[in-house]
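Chains as they are written, first to last, in this note's numbering: chain A, -6 to 84; chain B, 13 to 161.
In structure tokens form, the structure reads like this:
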């Protein structure tokens, strides 16, 4: 499957905007990604290993938080995973 | 210091968006290319403000919409280079809320002050630093790229 890397994380993924992985689950895909690019780990996960609160992960068009099996969801080679840091603010 | 280069049509569009949504905050994404000087913005995408509970002084873009925006950026061969929002009847300066909720390191955050419904000053701030702990906003000049006549 393809993992799309957002602009702010590309410097920690050798400048790539997408990374191909072969894992069978979302958790496995993220693990494969951070094995290949260890500098990404602190940007994606807390020290307890949880996905950071402001990091959204979408399997195709679905928020992984709301999938029944969450990160244990199985994936196929045609799927895409998007990493999207949140956007908010105000005066 | 980086410079944010913005095509004239995009610059005018994001300022007009702030006038359209006044007295609420507008928000959207900036699509562009990296240059040695900073981002060159070639397109903008309007986004909905999901903070309907406090739209006069807060904005938020739904991640589902961001996924679609990023897909569109890729289709155009561009990257999400930053975001814009308006400050209705408030200066075009970043706030502590803006900094706390900014997570796109290396990207540009453009703020337009909208005074009594009219777009006033537009400023850009690049989110510098390389971690959540040392991030900071650095002001960057905006260079409006005029069309070749």
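Each residue gets a CB set at the ideal place from its N, CA and C atoms; glycine is no exception.
Contact annotation for residue 49/B against chain A: no contact, minimum CB-CB distance about 17 Å [criterion: below 7 Å]. Membership of residue 82/B in the alpha helix (DSSP H) is indicated by the continuous run 75 to 87.
Residue 54/A is classed as exposed because its beta carbon has fewer than 16 other beta carbons within 10 Å across all chains shown.
Here DSSP, grouped into helix, strand and coil, assigns residue 63/A to helix. Taking a beta-carbon distance threshold of 7 Å, residue 0/A counts as an interface residue toward chain B. If you check the CB distance, residue 98/B and residue 134/B do not come in under 7 Å.
The DSSP assignment places 11 to 13 as complete runs of the beta strand (DSSP E) inside the stretch -2 to 43 of chain A, in order along the chain (cut-off: 3 residues). By the Cβ neighbour-count rule, residue 108/B is exposed, with fewer than 16 other Cβ atoms within 10 Å of its own. With contact defined as three or more Cβ pairs closer than 8 Å, the stretch 44 to 64 of chain A and the stretch 52 to 61 of chain B are not in contact.
None of the residues of the stretch 121 to 141 of chain B has a beta carbon lying less than 7 Å from any beta carbon of chain A.
Taking a 10 Å sphere around the C-beta of residue 104/B, we find 16 or more other C-beta atoms and assign the residue as buried. Contiguous alpha helix (DSSP H) elements confined to the stretch 33 to 61 of chain B do not occur, taking only those with 4 or more residues. Residue 116/B and residue 149/B do not touch by the CB rule: their CB atoms are close to 12 Å apart, not below 8 Å.
The residue from 142/B, 160/B, 41/B with its alpha-carbon nearest to that of residue 91/B is 41/B. With respect to the 7 Å criterion, residue 156/B and residue 18/B are classified as neighbours on the basis of their beta carbons. Identification of residues in the stretch 100 to 117 of chain B having a C-beta nearer than 7 Å to some C-beta of chain A yields 102, 107, 109, 110, 113, 114, 115, 116, 117, given in sequence order. The C-alpha of residue 143/B is placed about 33 Å away from the C-alpha of residue 28/B.
For residue 48/A, the closest of 34/A, 16/A, 79/A, 0/A by C-alpha to C-alpha distance is 79/A. Excluding its 5 nearest sequence neighbours in each direction, residue 27/A has C-beta neighbours in its own chain below 6 Å: 33, 34, listed in chain order.
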